[in-house]
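Chains as they are written, first to last, in this note's numbering: chain B, 1115 to 1427; chain E, 1115 to 1427.
Don't be surprised by glycine CBs; every beta carbon is placed ideally from N, CA and C.
There are 2 protein chains.
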Amino acid sequence: MSGKKEPHFEQVALIGLGLIGSSLGHAMRRRGLAREIVGFARSEATRTRALELGFVDRVEENAGAATDGADLVILCTPVGIVGAVAQEIAPHLAKGTILTDVGSVKASLVEDVSPHVPEGVHFIPGHPISGTEKSGPDAGFAELFDGRWCILTPIDGSDPEAVVKLSQFWEACGSKVDVMEAKHHDLVLAITSHLPHLIAYNIVGTADDLETVTKSEVIKYSAGGFRDSTRLAASDPTMWRDVCLNNRDAILEMFGRFSEDLAAMQRAIRWGDGDALFNLFTRTRDIRRSIIDAGQDSAAPNFGRDLPKDGEA
Amino acid sequence: MSGKKEPHFEQVALIGLGLIGSSLGHAMRRRGLAREIVGFARSEATRTRALELGFVDRVEENAGAATDGADLVILCTPVGIVGAVAQEIAPHLAKGTILTDVGSVKASLVEDVSPHVPEGVHFIPGHPISGTEKSGPDAGFAELFDGRWCILTPIDGSDPEAVVKLSQFWEACGSKVDVMEAKHHDLVLAITSHLPHLIAYNIVGTADDLETVTKSEVIKYSAGGFRDSTRLAASDPTMWRDVCLNNRDAILEMFGRFSEDLAAMQRAIRWGDGDALFNLFTRTRDIRRSIIDAGQDSAAPNFGRDLPKDGEA
């Protein structure tokens, strides 16, 4: 494989063909990163659709068959079942194969998967920090990873050469790559991803339960800020249930801090402490600016969202 | 003025030239809704900039002078000072003039402004449910109100003809118009706007205070969801302080409900109640769909945000 500019794999197995799996297929196609892309999904409809969309060359009816002969296997299923999937494909993993994943939590995943990894197989957990609120094989697109970070959390004894190769693969998919410990990853993501999503689900749930404000009013006047929460709260329910169940401690730690701060804000509102509120509302602006400067969000007002002009879909 | 298709005012006074004031100027220009637009802002720099941008015909150094001769006066200052501004301009309000505002809270505003309104002046509070996270005269644009709702909260004894005329004015600015009581408005907005903004400020504040996750990590990995919160949390601090101080009861009511729901979610996470989490994460999707169907948000993934491709600004 030396002599090629792009890190190249002979046969890549995508186990799971949802938003991330399909985007990986498209991203590999864009730069010719694999000679053959083999896909597996439990649902036959998904497998058929993947072939129609063309981001895989071939699909298999079971994960083991999709793994046979692969030199890169990427687990793109919800975090809750990766352990079972790893057990299923273990006998099909050849020596020297790189086994990775895209799950939103890493420490519990390492625990679930590691026992099943045969000797000589390079298990290197990974997590691309990118996504949308859409799910399924139709949601994927080649540019999803462009300019976003992908975090690798190699385990003790990971082969450095394999880590470099996987890192170059992600870069060729458009990502920037960072390496850190699984436990630290879970803490970082608890605040940058899990808390904002769970809070968004909670806001939308609270609004849905109101008896003093109708659902129609909530929808009509959502441009006041609420609609932003609903985007995050439209994400894949299975994925987010599994995140909650598998990153419990870090999430509860962030919930604790958030609740304390919320109580302080409530108190400031109740007692009319305008200065405390003004100070908080001012310092949060800097973080937004830094995110835009880092190229991680659009500088355009309202994310530059494109709205139907007449207010009707 | 009859015979014209557009509701037309001879002289419109914009008291306050920030995001909403400047957008109103542009929106009036777009459809020729005023013979003359006169602007006032406390800051000389803002007044000069407004003239340069051309969304006003003339500026005045005090609010009274800007009000002289106007048949429509729109208060576009932060909610906290509208009472004082109303007192200042009261002697300059001619009989038959429509006096309105764009503030995010209505009941306290009615209390603050009403005592100063001379007899024969039509005071009709209003609130366009539209905005961005940007502030100042450069932030305005003519399309801000297109397809969004504007809520009018006429007070007892409001002249129906004046209410209709103001309603037609907002429609000509691109809005759809609803009428409701001030107190109900404040409850509706507490959930559709105030709670989501305050929670966003709180999430960003909590992240900013962490000692286990660095600020650089929070920024780099913000594409996981956090960046959405930072947009709302970049809104105008003065406006949001005033919202908190002036809609206390409704906001605290929504905070109470939200906190209860959050405690229930925390408990479900702690005890691994996957079904409860899955159910919540599923029903919130419907609300997103309804908002898109109602034309109040973009159907595109990630709001269709336009990101720098190489991840650098």
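Counting C-beta neighbours from all protein chains within 10 Å, is the total for residue 1302(E) 16 or more, i.e. buried, or is it exposed?
For the purposes of this step, residue 1302(E) is identified with residue 188 of the second sequence, where counting begins at 1. Buried, because 16 or more other Cβ atoms sit within 10 Å of the Cβ of residue 1302(E).
To the nearest whole angstrom, what separates the beta carbons of residue 1203(E) and residue 1177(E), a pair I think is in contact under 8 Å?
Walking along the second sequence from the start, residue 1203(E) turns up at place 89. Walking along the second sequence from the start, residue 1177(E) turns up at place 63. Taking 8 Å as the upper bound for CB-CB distance, residue 1203(E) and residue 1177(E) are in contact here, some 5 Å apart.
Give the residues of chain B in contact with residue 1354(E), contact being defined as C-beta atoms less than 9 Å apart.
Residue numbering aside, residue 1354(E) sits at position 240 when the second sequence is read from its first letter. Under the 9 Å cutoff, chain B gives 1391, 1392, 1395.
Under 8 Å, do residue 1265(E) and residue 1321(B) count as touching if we go by C-beta distance?
On the second sequence, residue 1265(E) is found 151 positions in, with the first residue counted as 1. On the first sequence, residue 1321(B) is found 207 positions in, with the first residue counted as 1. No, they are not a contact pair.
Applying the 10 Å Cβ sphere with the 16-neighbour rule, what's the burial state of residue 1115(B)?
By 1-based counting over the first sequence, the position of residue 1115(B) is 1. Its pLDDT being 42, under 50, residue 1115(B) is placed unreliably by the model, and the measurement read from it follows with that caveat. Flag for residue 1115(B) reads exposed.
Does DSSP classify residue 1395(B) as helix, strand or coil?
Locating residue 1395(B) in the first sequence gives position 281, counting from the first residue. For residue 1395(B), the secondary structure class from DSSP, reduced to helix, strand or coil, is helix.
Let me know the secondary structure DSSP gives residue 1122(E) once reduced to three states.
Position 8 of the second sequence, counted from the first residue, corresponds to residue 1122(E). If DSSP states are grouped into helix, strand and coil, residue 1122(E) belongs with coil.
With a threshold of 16 other CB atoms inside 10 Å of the CB of residue 1426(B), please say whether the residue is buried or exposed.
Start at 1 with the first residue of the first sequence, and residue 1426(B) comes out as number 312. Any reading at residue 1426(B) needs caution, since the residue's pLDDT is 40, under 50, leaving its predicted position unreliable; the model's value is listed next. The residue in question, residue 1426(B), is exposed, as its Cβ has fewer than 16 Cβ neighbours within 10 Å.
Taking contact to mean 3 or more Cβ pairs, one atom from each stretch, closer than 8 Å, check whether the segment 1130-1139 of chain E and the segment 1156-1174 of chain E are in contact.
Because the criterion of three Cβ pairs below 8 Å is met, the segment 1130-1139 of chain E and the segment 1156-1174 of chain E touch.
Same chain, Cβ closer than 8 Å to residue 1117(E), neighbours up to 5 away in sequence not counted
In the second sequence, counting from the first residue as 1, residue 1117(E) sits at position 3. Its pLDDT being 45, under 50, residue 1117(E) is placed unreliably by the model, and nothing is read from it.
Does the count of Cβ pairs from the segment 1372-1388 of chain E and the segment 1278-1292 of chain E closer than 8 Å reach three?
No, they do not touch.
Return helix, strand or coil for residue 1368(B), following the three-state DSSP convention.
For the purposes of this step, residue 1368(B) is identified with residue 254 of the first sequence, where counting begins at 1. DSSP places residue 1368(B) within a helical segment (H, G or I) once states are collapsed to three.
Residues bridged to residue 1241(B) by DSSP?
Residue mapping note: residue 1241(B) aligns to position 127 of the first sequence, counting from 1. The partner list for residue 1241(B) (beta bridge, DSSP) reads 1265(B).
Quick one: measure Cβ to Cβ for residue 1356(E) and residue 1193(E), integer angstroms, because I've assumed they're closer than 8 Å.
Position 242 of the second sequence holds residue 1356(E). Position 79 of the second sequence holds residue 1193(E). Your pair residue 1356(E) and residue 1193(E) checks out as a contact, with CB atoms roughly 4 Å apart and the cut at 8 Å.
Counting contacts by CB-CB distance shorter than 8 Å, is residue 1268(E) in contact with chain B?
Within the second sequence, residue 1268(E) is the residue found at index 154, counting from 1. No, because no Cβ of chain B sits closer than 8 Å to the Cβ of residue 1268(E).
If you run the structure through DSSP and keep just helix, strand and coil, what is residue 1191(B)?
Indexing the first sequence from 1 puts residue 1191(B) at position 77. Residue 1191(B) falls in the coil class under three-state DSSP.
Could you spell out where the beta strand (DSSP E) holding residue 1357(E) opens and where it closes?
Within the second sequence, residue 1357(E) is the residue found at index 243, counting from 1. Where residue 1357(E) is concerned, there is no enclosing beta strand (DSSP E), although the alpha helix (DSSP H) it sits in stretches over 1351-1360.
Who are the neighbours of residue 1247(E) on chain B, taking C-beta pairs under 7 Å?
The residue you call residue 1247(E) lines up with position 133 of the second sequence. Against residue 1247(E), the close residues of chain B are 1415, in the order they occur along the chain (beta-carbon pairs closer than 7 Å).
Under 7 Å (Cβ pairs) to chain B, residues found in the segment 1319-1334 of chain E
Residues passing the 7 Å Cβ filter: 1319, 1320, 1321, 1322, 1324, 1326, 1327, 1331, 1332, 1333, 1334.
Please list, in chain order, the residues of the segment 1137-1168 of chain E that have any C-beta partner in chain B closer than 9 Å.
For the segment 1137-1168 of chain E, which is checked against every Cβ of chain B, not one residue is closer than 9 Å.
Residues near residue 1213(E) by beta carbon distance below 6 Å, same chain, minus five either side
Counting from 1 along the second sequence, the entry for residue 1213(E) is found at position 99. Correct list, in chain order: 1187, 1235, 1237.
Quick check on the DSSP output: what are the complete beta strand (DSSP E) runs of length 3 or more inside the segment 1165-1221 of chain E, in order along the chain?
Listed in chain order, the complete beta strand (DSSP E) runs (minimum 3 residues) inside the segment 1165-1221 of chain E are 1172-1174, 1186-1189, 1212-1215.
For residue 1292(B), report the span of its beta strand (DSSP E) as first-last.
Along the first sequence, read from residue 1 onward, the residue named residue 1292(B) stands at position 178. Run containing residue 1292(B): 1290-1293, per the beta strand (DSSP E) assignment.
So with Cβ pairs under 8 Å, would you call residue 1404(B) a contact of chain E?
Along the first sequence, one-based indexing puts residue 1404(B) at 290. At a cut-off of 8 Å between beta carbons, residue 1404(B) contacts chain E.
Give the range of the beta strand (DSSP E) segment to which residue 1231(B) is assigned.
Against the first sequence, residue 1231(B) aligns to sequence position 117. Residue 1231(B) -> no beta strand (DSSP E), and no H or E assigned at all.
Best match in 1251(B), 1259(B), 1250(B) for proximity to residue 1244(B) [C-alpha to C-alpha]:
Taking the first residue of the first sequence as position 1, residue 1244(B) is located at position 130. Nearest neighbour of residue 1244(B) by Cα position, chosen from 1251(B), 1259(B), 1250(B), turns out to be 1259(B).
To which residues of the same chain is residue 1354(B) closer than 8 Å at the C-beta, ignoring the five residues directly before and after it?
Counting from one through the first sequence, the residue named residue 1354(B) turns up at place 240. For residue 1354(B), where only same-chain residues beyond five positions count, the Cβ hits under 8 Å are 1311, 1312, 1315.
Can you give me, in chain order, the residues of the segment 1377-1390 of chain B that have a beta carbon less than 7 Å from any beta carbon in chain E?
Listed in sequence order: 1379, 1380, 1383, 1384, 1386, 1388.
Mind listing, in chain order, the continuous beta strand (DSSP E) runs of no fewer than 3 residues lying wholly within the segment 1270-1325 of chain E?
You should have 1290-1293.
Closest Cβ-Cβ distance between residue 1263(B) and chain E: below 8 Å?
Start at 1 with the first residue of the first sequence, and residue 1263(B) comes out as number 149. Taking 8 Å as the CB threshold, residue 1263(B) lines the interface with chain E.
Are residue 1319(E) and residue 1409(E) closer than 8 Å when you measure CB to CB?
The sequence position of residue 1319(E) within the second sequence is 205, counting from 1. The sequence position of residue 1409(E) within the second sequence is 295, counting from 1. No, Cβ-Cβ distance for residue 1319(E) and residue 1409(E) is not below 8 Å.
According to DSSP, is residue 1419(B) part of a helix, a strand, or is it coil?
For this step, residue 1419(B) is matched to residue 305 along the first sequence. If DSSP states are grouped into helix, strand and coil, residue 1419(B) belongs with coil.
Cβ closer than 9 Å: which chain E residues qualify as neighbours of residue 1418(B)?
One-based indexing of the first sequence puts residue 1418(B) at position 304. Those are 1417, 1418, 1419, 1420, listed as they occur along chain E.
Short Cβ contact (8 Å threshold) for residue 1330(B) with residue 1254(B)
Taking the first residue of the first sequence as position 1, residue 1330(B) is located at position 216. Taking the first residue of the first sequence as position 1, residue 1254(B) is located at position 140. Contact: no.
Find the residues of chain B that neighbour residue 1372(E), judging by a C-beta separation of less than 8 Å, and give them in chain order.
In the second sequence, the residue the question calls residue 1372(E) occupies position 258. Within 8 Å Cβ-Cβ: 1316, 1317, 1320.
Run of the alpha helix (DSSP H) containing residue 1141(E), from where it starts to where it stops
Mapped onto the second sequence, residue 1141(E) falls at position 27. Taken as a continuous stretch (DSSP letters only), the alpha helix (DSSP H) holding residue 1141(E) covers 1133-1145.
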